[in-house]
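The opening position of the sequence shown corresponds to residue 79 in the working numbering, with each subsequent residue numbered one higher.
Data block below; observations after.
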Amino acid sequence: MEFKLQAPFQPMGDQPEAIRSLVDGVNKGLKHQVLLGATGTGKTYTIASVIQELQKPALIMAHNKTLAAQLYAEFRDFFPENAVSYFVSYYDYYQPEAYVPRHDLFIEKETQINEEIERMRLAATTALISRRDVIIVASVSCIYGLGSPEEFGKGTVTLKVGEIYRRNALLRQLIESQYQRNDMELRPGTFRVRGDTLEIVPAYEDKKGFKIAFFGDEVERIMQFSPLTGEIFDEPQEVSIYPAKQFLTDADRLKESIKAIEAELEERLALYKSEGKFLEAQRIEQRTRYDLEMLKEVGYCSGIENYSRHLDGRA
79 MEFKLQAPFQ PMGDQPEAIR SLVDGVNKGL KHQVLLGATG TGKTYTIASV
129 IQELQKPALI MAHNKTLAAQ LYAEFRDFFP ENAVSYFVSY YDYYQPEAYV
179 PRHDLFIEKE TQINEEIERM RLAATTALIS RRDVIIVASV SCIYGLGSPE
229 EFGKGTVTLK VGEIYRRNAL LRQLIESQYQ RNDMELRPGT FRVRGDTLEI
279 VPAYEDKKGF KIAFFGDEVE RIMQFSPLTG EIFDEPQEVS IYPAKQFLTD
329 ADRLKESIKA IEAELEERLA LYKSEGKFLE AQRIEQRTRY DLEMLKEVGY
379 CSGIENYSRH LDGRA
C-alpha cells in the first residue's frame, strides 16, 4: 500500500522548497540533512510530505516519551490508512540492580511493565515484518536490540481456509511463539479452544481476534471478531499470527544459547571466587540458574534482553 497523506491544507511559504530539497537530498544519498524552523511552522507536516514523496518506511525518533506521543498522534492523523506505530520503553517503573557496600545491601532489579505500551511495541515490530507503508515514532528505546528478525519471522503462524493442520501441533506452535492458553478470559497474547474452534487474540491487537473453525484437521472458516462483544465482522481466507514476544529463539538455538550462558556463568563464578567475592558469586549464580530454568521450561524469562548476545549468536 502507498503512503497517502491526508491534510486539510497544502504546503505554504517555505515548505514546498524545503520538501523538494529534502527529497532531492535523500535521492542523492545524503546521510545528514537538517530541517530548521520555529515551533508551529509545520515541520511535522513537511516531514509527512517528504515521506509521501519518497514512499519509503520512516523512523521518527524523539528525545522523550512526551514528544514521541505528540508526534505519533500527528502522524496518525496525517496517514490514517497507513501503519503508524508507537515504540517507546514499556517500563512504568524501573529500579536497576544496585549494591551498597557500606551496608552490604543488595537491591534486586524491580520493574513494572505497561501492557498497553508493550502491545504497541509488538504492533510496531509486526508492521515492519508484514508491510512496507510503515512509520515508526520512537524514543531512544529503539536503539536497543530486540532479538533476531529472522527468528521473529519464523515464529509466525499462518492459517488458510481449506488447508490441513494437526491441531495439537498448531497449539504447540502457538505456545512456542509465547502465546498462553486461557480458556476463561481472552486477552491479547492468549488463545482458547472450544470444541472444534480455536479462538486467539494476537498480542499486538486490542480490538480484534480470530476464530478458526476446524472440520477434523481442516480449517473450515476463519472469522475476525471482537473479543469484547463476540461480533463477527470479517471472514478472511488467510490470517498470519505473529509472535507474542519480541525475543524469540528456536529450540536448537536456545539449547546452544543455554550452554553459552552456563559457560559464561562458570567463568564469572571462578573470577568472583578467586577475588574472594563469595557473596557476589552466590547471588549471580542464584539469579542466572533461575533464568536458565525459565528458558528451559518456557523459552522466556524476565530480563531476557540481558542474554541477547547469546540468543542472537553474537557471543
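For each residue, glycine too, the CB sits at the ideal point set by N, CA and C.
Output yes or no for whether 8 Å exceeds the beta carbon distance between residue 346 and residue 362. Residue 346 sits at position 268 when you count from the first residue of the sequence shown. Residue 362 sits at position 284 when you count from the first residue of the sequence shown. Result yes, Cβ atoms of residue 346 and residue 362 sit closer than 8 Å.
Between which two residues does the alpha helix (DSSP H) containing residue 252 stretch? Translated into positions along the sequence shown, residue 252 becomes position 174. Per DSSP, residue 252 is one residue of the alpha helix (DSSP H) stretching across 245-254.
Which runs of the alpha helix (DSSP H) spanning at least 4 residues fall entirely within the stretch 106-156, listed in chain order? 121-132, 143-156
Own chain residues within Cβ distance below 6 Å of residue 129, not counting five before or after: Taking the first residue of the sequence shown as position 1, residue 129 is located at position 51. So the list reads 81, 136, once near-sequence residues are dropped.
For residue 269 and residue 289, what's the separation of their Cα atoms in angstroms? Your numbering for residue 269 matches position 191 in the sequence shown. Your numbering for residue 289 matches position 211 in the sequence shown. About 10 Å.
Taking C-beta to C-beta, are residue 230 and residue 189 nearer than 8 Å? By one-based count along the sequence shown, residue 230 stands at place 152. By one-based count along the sequence shown, residue 189 stands at place 111. No, these two residues do not count as a Cβ contact at 8 Å.
Would residue 205 pass as a contact of residue 161 if the rule is Cβ separation under 8 Å? As a first step, residue 205 is located in the sequence shown; it is residue number 127 there, counting from the start. As a first step, residue 161 is located in the sequence shown; it is residue number 83 there, counting from the start. At the C-beta level, residue 205 and residue 161 come within 8 Å of one another.
Between 140, 177, 308, which lies nearest to residue 277 when the distance is taken from Cα to Cα? Numbered from 1 along the sequence shown, position 199 holds the residue referred to as residue 277. Ranking 140, 177, 308 by Cα distance to residue 277 puts 308 first.
How is residue 327 classed by DSSP in three states: helix, strand or coil? Indexing the sequence shown from 1 puts residue 327 at position 249. Looking at residue 327 - three-state DSSP - the assignment turns out to be coil, as it is neither helix nor strand.
Just tell me which of 89, 131, 321, 350 has its CA closest to the CA of residue 228. Stepping through the sequence shown from its first residue, residue 228 is reached at position 150. For the residues 89, 131, 321, 350, the minimum Cα distance to residue 228 belongs to 321.
Residue 332 to residue 303, Cα distance in whole Å? Taking the sequence shown and counting its residues from 1, the one referred to as residue 332 is at position 254. Taking the sequence shown and counting its residues from 1, the one referred to as residue 303 is at position 225. Straight-line Cα distance between these residues: approximately 35 Å.
In the DSSP assignment, what are the bridge partners of residue 316? Taking the sequence shown and counting its residues from 1, the one referred to as residue 316 is at position 238. Residue 316 pairs with 238.
With residue 282 and residue 215 assumed to form a contact (beta carbons below 8 Å), what rounded beta-carbon distance in angstroms separates them? Numbered from its first residue, the sequence shown carries residue 282 at position 204. Numbered from its first residue, the sequence shown carries residue 215 at position 137. With 8 Å as the limit, residue 282 and residue 215 do not qualify as a contact, their Cβ atoms being about 16 Å apart.
Determine the closest residue to residue 330 out of 275, 293, 317, 377, with distance taken between C-alpha atoms. Numbered from 1 along the sequence shown, position 252 holds the residue referred to as residue 330. Comparing Cα positions, the closest option is 377.
Judging by CA-CA distance, which residue of 279, 119, 243 is the nearest neighbour of residue 259? For the purposes of this step, residue 259 is taken as residue 181 along the sequence shown, with counting starting at 1. It is 279.
Taking the alpha helix (DSSP H) that residue 376 belongs to, which residues open and close that run? Within the sequence shown, numbered from 1, the residue matching residue 376 stands at position 298. 356-376 is the extent of the alpha helix (DSSP H) around residue 376.
Hey, how far is the Cα of residue 83 from the Cα of residue 197? For this step, residue 83 is matched to residue 5 along the sequence shown. For this step, residue 197 is matched to residue 119 along the sequence shown. The straight-line gap from Cα to Cα measures roughly 26 Å.
Near residue 171, which residues of its chain fall below 8 Å by C-beta distance, leaving aside the five closest residues on each side in sequence? On the sequence shown, residue 171 is found 93 positions in, with the first residue counted as 1. So the qualifying residues of the chain are 188, 189, 190.
Across which residues does DSSP place residue 161 in a beta bridge pair? Residue mapping note: residue 161 aligns to position 83 of the sequence shown, counting from 1. Bridge partners of residue 161: 212.
Excluding sequence positions up to five away, which residues of its chain have a Cβ less than 6 Å from the Cβ of residue 224? Along the sequence shown, one-based indexing puts residue 224 at 146. These residues qualify, in order along the chain: 324.
Tell me whether residue 272 is buried or exposed, calling it buried when 16 or more other Cβ atoms sit within 10 Å of its Cβ. For the purposes of this step, residue 272 is identified with residue 194 of the sequence shown, where counting begins at 1. Exposed: under 16 other Cβ atoms inside 10 Å.
Is the stretch 109-128 touching the stretch 86-98 in the sense that three or more CB pairs, one from each, lie closer than 8 Å? yes
So the alpha helix (DSSP H) residue 414 belongs to, where does it begin and stop? Residue 414 lies beyond the stretch modelled for the chain, which goes from 79 to 393, so this question has no answer here.
Give the range of the beta strand (DSSP E) segment to which residue 230 is assigned. The residue you call residue 230 lines up with position 152 of the sequence shown. It is not in any beta strand (DSSP E) - residue 230 instead sits in the alpha helix (DSSP H) that spans 227-232.
Candidates 192, 232, 79, 375: which alpha carbon is nearest residue 168's? As a first step, residue 168 must be located in the sequence shown, where it is residue number 90. Nearest C-alpha to residue 168: 192.
Taking the CB atoms as reference points, tell me whether residue 49 and residue 350 lie closer together than 8 Å. Since the first and last residues shown for the chain are 79 and 393, residue 49 lies out of range.
Kindly list the residues whose CB is nearer than 7 Å to the CB of residue 284, restricted to its own chain and excluding five residues on each side of it in sequence; keep chain order. Against the sequence shown, residue 284 aligns to sequence position 206. Result list for residue 284: 197, 266, in chain order.
Pair within 8 Å by beta-carbon distance, residue 316 and residue 237: On the sequence shown, position 238 is the one that residue 316 refers to. On the sequence shown, position 159 is the one that residue 237 refers to. Going by C-beta atoms, residue 316 is nearer than 8 Å to residue 237.
Going by the CB atoms, is the gap between residue 132 and residue 166 shorter than 8 Å? Taking the sequence shown and counting its residues from 1, one reaches residue 166 at position 88. Taking the sequence shown and counting its residues from 1, one reaches residue 132 at position 54. It is not a contact, given that the beta carbons lie outside the stated cut-off.
Output yes or no for whether 8 Å exceeds the beta carbon distance between residue 242 and residue 153. If you number the sequence shown from 1, residue 242 lands on position 164. If you number the sequence shown from 1, residue 153 lands on position 75. Residue 242 places its beta carbon 8 Å or farther from that of residue 153.
Throw me the rounded Cβ distance for the residue 217 and residue 142 pair, which I believe falls under 8 Å. For the purposes of this step, residue 217 is taken as residue 139 along the sequence shown, with counting starting at 1. For the purposes of this step, residue 142 is taken as residue 64 along the sequence shown, with counting starting at 1. Yes, residue 217 and residue 142 are in contact; Cβ-Cβ is about 6 Å, under 8 Å.
Under three-state DSSP, which class holds residue 275? Here residue 275 refers to the residue found at position 197 when the sequence shown is read from its first residue. In the structure shown, residue 275 sits in a strand (DSSP, three-state: E or B).
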